[in-house]
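Worksheet for the structure shown next.
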Amino acid sequence: MYGVFECEEDFPDALMYQLRIVFKLNPDKFGFMAISDTRQGIVPTGDDRDSTRSQTLAFKEAVLLTNPSNPQLKGVVDDKYQYSCENKDNKLHGWISDVDAAGFWIITPSNEFRTGGPPSRTSLLMLMFVSTQYTGIDIDVTYKKGEAWRKVFGPVLIYLNSTSSDSDYRNTLWNDAKRQLSEEIESWPYNFTRSHDFPRAEERGEVCGQLLVRDRCLDDEPMRARSAFVGLAAAGNVGSWQTEGKGYQFWTQTDNTGRFNVKNIRAGEYNLYAWIHGFIGDYKLDLNITIQPGNKHSVNKTNLGTLIYDPPRNGPTLWEIGIPDRTADEFLIPEPDPAFVTPLCLEAADKFRQYGLWDRYSALYRHGDLVYTVGVSNYSRDWFFAHVTRNTGNSTIWSTTWQIKFNLQHVNERGNYTLQLALAAASYAELQIRFNNPDVVRPYFTTNRIGYDNAVARHGIHGSYRLYSIIVPGNRFKEGDNTIFLTQARSYSSFDAVMYDYIRLEAPAD
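Structural data, given as structure tokens:
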């Protein structure tokens with residue numbers, strides 16, 4: 001199934017926050033959901049979420065099941081935002097009927113129609129085509145009068161299967177659905193569609209090349225960009241693919257030599273974008289790439305040769321916190337409150353999806369905000385995964401200030417240092433930075449108000465990526481002990497927060 005949506009030039013202005021298809025399955029039968037090999041479990045019914053059977057938690061979508069129809073679910077938190085994943089992983093999910101040993105599966109062999117690129121998150125409780133749930137209004141979903149627009153969403157496959165009611169029928173159904181997914185990926189792009197808006201394989205193009213990364217503070221020679229994400233999206237600024245919501249995107253990952261081949265690209269004009277694990281920033285090729293409509297008699301393939309990415313770097317590293325991977329996954333993710341545990345998220349890789357982790361900060365740092373000492377602290381245990389507000393009780397919420405303590409044996413007062421600050425998420429936040437004096441009224445640097453990610457409340461480990469390269473005159477530091485104060489200044493709710501990806505202090509260039 002697929003849909004062709006159109007906005008003609010004479011249509012009035014419109015905002016399309018969500019575009020989705022919802023399937024209403026019989027709750028008396030389909031009560032088990034499978035998202036991945038490890039995220040599977042019984043889901044409550046709508047009646048279980050009624051106020052007579054549950055307790056509403058910090059927001060209406062999250063409830064504690066107190067008297068569910070299935071006793072196994074008593075004491076479990078149910079929250080629709082726990083049922084989500086990134087676009088790159090959103091290929092297969094569905095429900096199983098324990099009554100009939102039957103499965104209902106949504107199979108998406110290509111994400112070319114989805115918004116926000118591979119890391120963008122989307123709900124798995126429905127078939128979501130367009131959504132601002134996990135990025136907010138930063139996603140471009142505004143359609144102005146006079147702007148003609150037309151787009152194909154899908155195709156996706158609704159796959160039904162069944163098996164004998166033996167003891168392992170759930171695994172049988174899940175594994176069969178995975179087998180079917182492999183077949184659909186092999187068959188992409190489909191050739192059965194009758195719409196001229198959906199080009200077949202021979203009408204599409206390919207772009208290939210090799211991506212290297214050059215950071216002379218790490219290696220004199222360019223390094224192979226292994227497992228980098230490389231993609232084509234609408235022409236725009238560096239990183240604009242994160243908020244591009246109207247066109248198509250085509251992505252792949254490089255091999256161990258940095259080589260890539262982006263396949264099945266629809267005709268159109270694009271820019272090539274990339275980002276590389278272990279390096280800050282975004283790459284964009286300063287060249288518009290035009291994919292011409294192909295035909296079955298010729299291969300439409302563009303070879304870009306060798307491309308080199310120079311990540312932001314002004315000087316050698318003095319110290320660093322985290323891993324530049326565009327997430328906060330490497331930091332301290334606390335154990336959930338035992339009263340609010342979700343069995344669906346017990347695996348270590350899904351720990352960040354547990355409910356109420358934002359309140360664990362106040363419990364863990366009850367006597368004062370986070371202090372990180374370079375050379376002594378370990379970011380995996382001493383750096384909380386989200387810079388959240390402090391809940392002091394009685395509906396009182398305070399902003400919080402974290403400290404990074406470090407020692408400089410020598411200071412170049414005439415040189416400029418650089419603080420590379422990469423954020424993995426921001427939700428209605430303002431991050432202020434001060435050096436050595438927390439009481440200065442005016443911060444040295446502020447992001448101002450940023451972000452609509454809602455990553456904390458909606459159980460994410462990242463949202464939209466932001467990078468700030470902050471130039472700091474040497475006279476801001478002193479020989480000996482120094483402190484950087486990071487203040488998340490907005491405290492209107494428990495969910496005003498930032499997540500850090502990576503922080504690095506660079507010395508002045510030689």
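Numbering-wise (my numbering), the sequence shown opens with residue 1 and increments by one. All C-beta atoms in this analysis are idealised placements derived from N, C-alpha and C, irrespective of residue type, glycine included.
Output needed for residue i: all residues of its chain with C-beta closer than 8 angstroms, excluding positions within five of it in sequence on either side, in chain order.
{"i": "residue 472", "result": "416, 417, 418, 419, 435 and 444"}
{"i": "residue 8", "result": "148"}
{"i": "residue 74", "result": "65, 66, 67 and 68"}
Find out if the Cβ-Cβ distance for the pair residue i, residue j is shorter than 7 angstroms.
{"i": "residue 97", "j": "residue 30", "result": "yes"}
{"i": "residue 421", "j": "residue 323", "result": "no"}
{"i": "residue 456", "j": "residue 383", "result": "no"}
{"i": "residue 326", "j": "residue 424", "result": "yes"}
{"i": "residue 118", "j": "residue 80", "result": "no"}
{"i": "residue 402", "j": "residue 369", "result": "yes"}
{"i": "residue 494", "j": "residue 389", "result": "yes"}
{"i": "residue 316", "j": "residue 412", "result": "no"}
{"i": "residue 254", "j": "residue 262", "result": "no"}
{"i": "residue 241", "j": "residue 273", "result": "yes"}
{"i": "residue 270", "j": "residue 309", "result": "no"}
{"i": "residue 289", "j": "residue 204", "result": "no"}
{"i": "residue 224", "j": "residue 245", "result": "no"}
{"i": "residue 2", "j": "residue 155", "result": "yes"}
{"i": "residue 211", "j": "residue 228", "result": "yes"}
{"i": "residue 149", "j": "residue 34", "result": "no"}
{"i": "residue 339", "j": "residue 430", "result": "no"}
{"i": "residue 487", "j": "residue 432", "result": "yes"}
{"i": "residue 333", "j": "residue 352", "result": "yes"}
{"i": "residue 12", "j": "residue 145", "result": "yes"}
{"i": "residue 291", "j": "residue 305", "result": "no"}
{"i": "residue 83", "j": "residue 125", "result": "yes"}
{"i": "residue 86", "j": "residue 39", "result": "no"}
{"i": "residue 91", "j": "residue 206", "result": "no"}
{"i": "residue 452", "j": "residue 137", "result": "yes"}
I'd like the list of long-range same chain contacts for residue i, defined as Cβ closer than 7 angstroms, with 5 residues on each side in sequence excluded.
{"i": "residue 157", "result": "107 and 184"}
{"i": "residue 78", "result": "44, 49, 63 and 65"}
{"i": "residue 76", "result": "65, 342 and 343"}
{"i": "residue 54", "result": "48, 63, 64, 65 and 66"}
{"i": "residue 159", "result": "105, 107, 177 and 180"}
{"i": "residue 217", "result": "313, 316 and 317"}
{"i": "residue 142", "result": "15"}
What residue does the alpha helix (DSSP H) around residue i start on, and which one ends it?
{"i": "residue 363", "result": "357-364"}
Check whether the Cβ of residue i sits closer than 6 angstroms to any heavy atom of the ligand GDP, and report yes or no.
{"i": "residue 481", "result": "The ligand GDP is not among the ligands present in this structure, which contains no ligands whatsoever."}
State the start and end residues of the unbroken beta strand (DSSP E) segment that holds residue i.
{"i": "residue 379", "result": "From DSSP, residue 379 is part of no beta strand (DSSP E) but of the alpha helix (DSSP H) over 379-382."}
{"i": "residue 105", "result": "102-107"}
{"i": "residue 185", "result": "From DSSP, residue 185 is part of no beta strand (DSSP E) but of the alpha helix (DSSP H) over 169-187."}
{"i": "residue 275", "result": "268-275"}
{"i": "residue 497", "result": "497-506"}
{"i": "residue 6", "result": "3-7"}
{"i": "residue 206", "result": "205-213"}
{"i": "residue 408", "result": "400-408"}
{"i": "residue 314", "result": "Unbroken run through residue 314: none, as it is neither H nor E."}
{"i": "residue 63", "result": "62-65"}
{"i": "residue 85", "result": "84-86"}
{"i": "residue 309", "result": "301-309"}
{"i": "residue 251", "result": "250-253"}
{"i": "residue 151", "result": "149-153"}
{"i": "residue 444", "result": "Here residue 444 belongs to no beta strand (DSSP E), and DSSP marks it neither H nor E."}
Straight-line CA distance for residue i to residue j?
{"i": "residue 131", "j": "residue 115", "result": "8 angstroms"}
{"i": "residue 344", "j": "residue 170", "result": "16 angstroms"}
{"i": "residue 469", "j": "residue 293", "result": "41 angstroms"}
{"i": "residue 428", "j": "residue 463", "result": "12 angstroms"}
{"i": "residue 113", "j": "residue 377", "result": "43 angstroms"}
{"i": "residue 311", "j": "residue 346", "result": "36 angstroms"}
{"i": "residue 542", "j": "residue 239", "result": "Lying outside 1 to 510, the shown extent of the chain, residue 542 is not represented and no answer is given."}
{"i": "residue 104", "j": "residue 5", "result": "26 angstroms"}
{"i": "residue 393", "j": "residue 14", "result": "42 angstroms"}
{"i": "residue 330", "j": "residue 475", "result": "33 angstroms"}
{"i": "residue 386", "j": "residue 480", "result": "29 angstroms"}
{"i": "residue 135", "j": "residue 303", "result": "33 angstroms"}
{"i": "residue 249", "j": "residue 25", "result": "31 angstroms"}
{"i": "residue 110", "j": "residue 379", "result": "36 angstroms"}
{"i": "residue 56", "j": "residue 465", "result": "32 angstroms"}
{"i": "residue 499", "j": "residue 328", "result": "6 angstroms"}
{"i": "residue 21", "j": "residue 123", "result": "11 angstroms"}
{"i": "residue 505", "j": "residue 477", "result": "12 angstroms"}
{"i": "residue 485", "j": "residue 182", "result": "50 angstroms"}
Whose C-beta lies closer than 6 angstroms to the C-beta of residue i among residues of the same chain, with five residues either side of it excluded?
{"i": "residue 41", "result": "343 and 344"}
{"i": "residue 198", "result": "152"}
{"i": "residue 515", "result": "Residue 515 is absent from the structure shown; the chain starts at 1 and stops at 510."}
### Query
Any contact of the segment 398-413 with the segment 458-470, i.e. 3+ C-beta pairs under 8 angstroms?
no
### Query
Counting pairs of Cβ atoms below 8 angstroms between the segment 120-131 and the segment 53-60, do you hit three or more?
no
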